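One structure is given below, encoded as structure tokens.
Number of protein chains: 2
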Amino acid sequence: MPQINSARMLADLHALRQFGLYRTGVHRPTFSPQDVESRQWLATRFAEAGLDASIDGIGNVLGFDRSPGRKLLLGSHSETQPHAGWLDGAMGVIFGLEVARTLRQGIDVAAWADEEGHFGAFIGSRSFCGMLDEAEIDRLKYREDGTPLRAALARAGFAGRPRVAIDPARTRGYLEAHIEQGATLEDAGLRIGVVTAIVGSHRFRIVFEGVQNHAGTTRMAVRKDAGVALVRLASAIYDRFPVLAGERTVWTTGQITLDPGAPSIVPGGAEMLFQFRDTDPAMLARLTDELEALVARANQGPCRVTIAERGRSVPRAMDGGFQDAIERAAERHTPGLHLRMPSGAGHDAQVLAERVPAGMLFVPSIGGISHHYAEDTKEEDLVLGCQVLADAAADILGR
Amino acid sequence: MPQINSARMLADLHALRQFGLYRTGVHRPTFSPQDVESRQWLATRFAEAGLDASIDGIGNVLGFDRSPGRKLLLGSHSETQPHAGWLDGAMGVIFGLEVARTLRQGIDVAAWADEEGHFGAFIGSRSFCGMLDEAEIDRLKYREDGTPLRAALARAGFAGRPRVAIDPARTRGYLEAHIEQGATLEDAGLRIGVVTAIVGSHRFRIVFEGVQNHAGTTRMAVRKDAGVALVRLASAIYDRFPVLAGERTVWTTGQITLDPGAPSIVPGGAEMLFQFRDTDPAMLARLTDELEALVARANQGPCRVTIAERGRSVPRAMDGGFQDAIERAAERHTPGLHLRMPSGAGHDAQVLAERVPAGMLFVPSIGGISHHYAEDTKEEDLVLGCQVLADAAADILGR
Chain A
1 MPQINSARML ADLHALRQFG LYRTGVHRPT FSPQDVESRQ WLATRFAEAG LDASIDGIGN
61 VLGFDRSPGR KLLLGSHSET QPHAGWLDGA MGVIFGLEVA RTLRQGIDVA AWADEEGHFG
121 AFIGSRSFCG MLDEAEIDRL KYREDGTPLR AALARAGFAG RPRVAIDPAR TRGYLEAHIE
181 QGATLEDAGL RIGVVTAIVG SHRFRIVFEG VQNHAGTTRM AVRKDAGVAL VRLASAIYDR
241 FPVLAGERTV WTTGQITLDP GAPSIVPGGA EMLFQFRDTD PAMLARLTDE LEALVARANQ
301 GPCRVTIAER GRSVPRAMDG GFQDAIERAA ERHTPGLHLR MPSGAGHDAQ VLAERVPAGM
361 LFVPSIGGIS HHYAEDTKEE DLVLGCQVLA DAAADILGR
Chain B
1001 MPQINSARML ADLHALRQFG LYRTGVHRPT FSPQDVESRQ WLATRFAEAG LDASIDGIGN
1061 VLGFDRSPGR KLLLGSHSET QPHAGWLDGA MGVIFGLEVA RTLRQGIDVA AWADEEGHFG
1121 AFIGSRSFCG MLDEAEIDRL KYREDGTPLR AALARAGFAG RPRVAIDPAR TRGYLEAHIE
1181 QGATLEDAGL RIGVVTAIVG SHRFRIVFEG VQNHAGTTRM AVRKDAGVAL VRLASAIYDR
1241 FPVLAGERTV WTTGQITLDP GAPSIVPGGA EMLFQFRDTD PAMLARLTDE LEALVARANQ
1301 GPCRVTIAER GRSVPRAMDG GFQDAIERAA ERHTPGLHLR MPSGAGHDAQ VLAERVPAGM
1361 LFVPSIGGIS HHYAEDTKEE DLVLGCQVLA DAAADILGR
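In the order they appear, the protein sequences are chains A and B.
The opening residue of the first sequence carries number 1 in the numbering used here; numbering runs sequentially from there.
The opening residue of the second sequence carries number 1001 in the numbering used here; numbering runs sequentially from there.
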């Protein structure tokens, strides 16, 4: 089987880390100066690997193999969350480049734009898959400061370029390597995760309307305390969801706000952002029904409770043949130390999976940490992950 | 009995409203230019009423009767909460001035500084009662922008002046009229509240420490979600407190914060500000014990929970004789339409009550609204309240 050049791969990974270096991590938001520079550097590296390299009109860095025949597309995204880790996204891009260099033929490579959602959601991979129209690009803004996406693309020098779209006749499938971002592999002493599916998520904003009052002079009996209504509903959710949920279902209240949020004022308003994720669409539907029933019951209390969906993604199964190929490669290099597992986080692979067969492999995250500058993975796990990806790619390409 | 001049009283009340007029209310934070101007205007009005008027080194406006014999001190505070009502505090000061003008002798008047706590807590009345030392004045800062109290006093022109202190040989007692700030009187169709006691409050900050994690990749079983710990404790408090509480006990969670407070991140930290109030010290002690027991139980969960007291005030009973005097006066002018009731809010009277007998009367708040520019009271209730205060003062002075 093909042998990767691990020193070359690690050198590129560390070189990419320099763009936006922050403590031991990286601060490289989409289309920041450091992100634009890193994309230009990646295009150069792709070209040096003999690929036909370009950056398209949405900022995707693409390296196309010039040899005839169908291609396997490898990649991930290259921007980061704010003050986050050096491997999230970057690793999958450099692994793709290294596998292209190792196999010489049959591999296309992509560094998608904005998987991290600074402007939208998966805009690079969705553009490539024909799922992002011009009207949405017109609308999107940088979440931090409201800069329009169009302005950011223009400043980056990418405006006016064609957006490159997938050609399913060319692309046999998509493989993405990523850090696990959880501690399942580490806790079990395992080294490779074979992703079975990427979870779908349902995301909600729940708003509570009561009456603001003085916390000393308003008797309990006449209060309409929006914060109490919120706590009661959240507690009911935490009671009911474990009963209904599957083994890997997760649910999270990430944000709670009381209005006005002063110590001596009975809150007249409150808001919570709530989400849940699962790989099973039926489970997501069941939990949505339960949530709506709990909100309806909460509405029988003194406050008005309304629920609005903020977004949803559907679960995406990874291709069975690709899973088998990754598993065979993992078994060859680290016998018994691999696991079939779902991905609890979203990835570009869920977008590509709507057009072509897709697969993903995970390497362990030290301490399960991600979206933080302390995020890291052992060097031997990086080398192993890239080698397993190369073997799986060769296997899928029939070499 | 003495007859107040209601037109004169209302004219002064509306004149004071002009300092910091905001919509139908007033924005007059302590030692803002409009507050300083209003204090100078009050001192002039006190002098015009024949009182020996001054503004002392903490900003209290004082009007001392020059006649011999013991005095009854009447007053309230004159600054407001931000963008708040025109009557809260101001009404009690103008009522005091009007009663001094009506009775001619035996009445001292005060407009205390900063009851609303822009810099500290009751600093004006505490200074007058010998309960505010120079070290605390050195320490206090404006909550909005950190301006030291010393600098604010200097800018107002009050720095370096002596602070006037109570002389119990002079002062027979203290009477304060105030808006109810609740809807108890209005809901029952009543017009005067005879305050029996001012509640004590215990105020806490409860901090939850968990582990921040990715909301997609971290299984429920291994999470240490600080937000869940908070919701569970708050819910337990809301279950237990009604069982233990008295009829007028109130408890409030005014502020909840999740850290980092992002929709897709399991909160690693959380904080709630919680308080309760009652007129019975034994009840306050019982609820404190229960809260500490609930926190101890919460600590058996996956997160660390710590509780810190942010402050407490002790309940203060109003003088029984003063209550009787107010009740007799109320019965004379509005038979049957008065109620003995505790004050759920704090007032300068609770400070004065530590030095001399004290009493309070309430007038109804329309809709129970306070700390909002919409705060208001019917004109006939203002006139009635001032007249009842005058009668009660005359009664106490033995006229």
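Think of the CB as a built atom: it goes at the ideal place given N, C-alpha and C, for glycine as much as any other residue.
Just so it is clear, the structure is predicted and the values come from calculations on it, not from any experiment.
beta-carbon residue i near the ligand PLP non-hydrogen atom, thresh 8 angstroms
i: A:T147; result: For the structure depicted, the ligand PLP is absent and the ligand set is empty, with no information on it obtainable.
Own chain partners of residue i with C-beta closer than 8 angstroms, once the 5 adjacent residues on each side are dropped
i: B:E1331; result: H1338
Reference residue i, options the options, closest by Cα
i: B:D1145; options: B:H1118, B:G1160, B:G1346; result: B:H1118
i: A:Q18; options: A:S264, A:W86, A:R316, A:G254; result: A:W86
i: A:M283; options: A:V243, A:K141, A:F322, A:P267; result: A:V243
i: B:G1050; options: B:L1042, B:R1248, B:Q1003; result: B:L1042
i: A:H333; options: A:M360, A:R355, A:L72, A:R191; result: A:R191
i: B:V1194; options: B:A1121, B:P1029, B:G1320; result: B:G1320
i: A:V266; options: A:L287, A:L233, A:K224; result: A:K224
i: B:E1375; options: B:V1026, B:S1006, B:L1010, B:I1004; result: B:V1026
i: A:E186; options: A:R66, A:I369, A:V383, A:M220; result: A:I369
i: A:A197; options: A:M341, A:E134, A:A390; result: A:M341
Assigned exposure category for residue i - 16 Cβ within 10 Å defines buried
i: A:D348; result: buried
i: A:Q34; result: buried
i: B:T1252; result: buried
i: B:Q1323; result: buried
i: A:K71; result: buried
i: A:P168; result: exposed
i: B:R1277; result: buried
Contacts that residue i makes with chain B (C-beta to C-beta distance below 7 angstroms)
i: A:M220; result: V1250
i: A:E180; result: T1217
i: A:R203; result: P1263
i: A:S235; result: V1231, R1232, S1235
Range of the contiguous beta strand (DSSP E) that encloses residue i
i: A:G173; result: 171 to 179
i: A:G311; result: 304 to 313
i: A:I107; result: 107 to 112
i: B:Q1255; result: 1250 to 1259
i: A:Q270; result: A quick correction: the sequence has Ala, not Gln, at residue 270 of chain A. Its beta strand (DSSP E) spans residues 269 to 278.
i: B:A1053; result: 1052 to 1055
i: B:F1031; result: Taken as a continuous stretch (DSSP letters only), B:F1031 belongs to no beta strand (DSSP E), as it is neither H nor E.
i: A:F95; result: Counting along the chain, A:F95 falls outside any beta strand (DSSP E), though it belongs to the alpha helix (DSSP H) covering 90 to 103.
Contact list for residue i against chain B, beta-carbon separation under 8 angstroms
i: A:S264; result: T1252, G1254, Q1275
i: A:S125; result: Neighbours of A:S125 on chain B: none; closest Cβ ~17 angstroms, over 8 angstroms.
i: A:Y238; result: V1228, V1231, R1232
i: A:A183; result: T1218, V1222
i: A:L258; result: T1253, G1254, Q1255, I1256
Interface residues of chain A facing residue i [CB-CB closer than 8 angstroms]
i: B:S1370; result: H214, T217
Beta-carbon proximity list for residue i, same chain, < 6 angstroms, skipping 5 on both sides
i: B:F1031; result: A1152, A1156
i: A:Q81; result: E116, H371
i: A:A270; result: F208, A226, G227, L230, L258
i: A:V295; result: V305, I307
i: A:R203; result: Q275, R310, G311
i: A:D56; result: R161, R163, V164
i: B:R1126; result: L1132, V1351
i: A:R101; result: A49
i: B:H964; result: Nothing in the structure corresponds to residue 964 of chain B, since chain B is present only between 1001 and 1399.
Host alpha helix (DSSP H) of residue i (start-end)
i: B:S1343; result: Element bounds for B:S1343: not the alpha helix (DSSP H) but the beta strand (DSSP E), 1338 to 1343.
i: B:R1205; result: Counting along the chain, B:R1205 falls outside any alpha helix (DSSP H), though it belongs to the beta strand (DSSP E) covering 1200 to 1209.
i: A:A76; result: Correcting the residue identity first, residue 76 of chain A is Ser in this sequence and not Ala. No alpha helix (DSSP H) holds A:S76; the beta strand (DSSP E) holding it covers 71 to 77.
i: A:A9; result: Per the sequence shown, residue 9 of chain A should be read as Met rather than Ala. Note, A:M9: alpha helix (DSSP H), 6 to 17.
i: A:G359; result: Premise fails: A:G359 lies in the beta strand (DSSP E), 358 to 363, not in any alpha helix (DSSP H).
i: B:F1122; result: Per DSSP, B:F1122 belongs to no alpha helix (DSSP H) and is neither H nor E.
i: B:F1322; result: 1320 to 1333
i: A:F438; result: Nothing can be reported for residue 438 of chain A: it is not among the residues displayed for chain A, which extend from 1 to 399.
i: A:G227; result: 226 to 244
i: A:G385; result: 379 to 396
i: A:L62; result: That residue, A:L62, is in no alpha helix (DSSP H); its beta strand (DSSP E) goes 61 to 64.
Proximal chain B residues relative to residue i, where beta-carbon distance stays under 9 angstroms
i: A:G344; result: H1214, A1215, G1216, T1217, T1218, R1219
i: A:S120; result: In the sequence on display, residue 120 of chain A carries Gly and not Ser. Chain B residues near A:G120: none, gap ~15 angstroms exceeds 9 angstroms.
Beta-carbon neighbours of residue i, restricted to chain A and to distances below 7 angstroms
i: B:P1267; result: G254
Chain E contact for residue i (CB, 9 angstroms cutoff)
i: B:G1301; result: Note that chain E does not occur in the displayed structure, where the protein chains are A and B.
Other residues of its chain near residue i: CB distance less than 7 angstroms, five sequence neighbours each side excluded
i: B:Y1174; result: L1073, A1349, L1352, V1356, A1358
Listed by chain order, chain A residues near residue i by CB distance under 9 angstroms
i: B:V1199; result: G216
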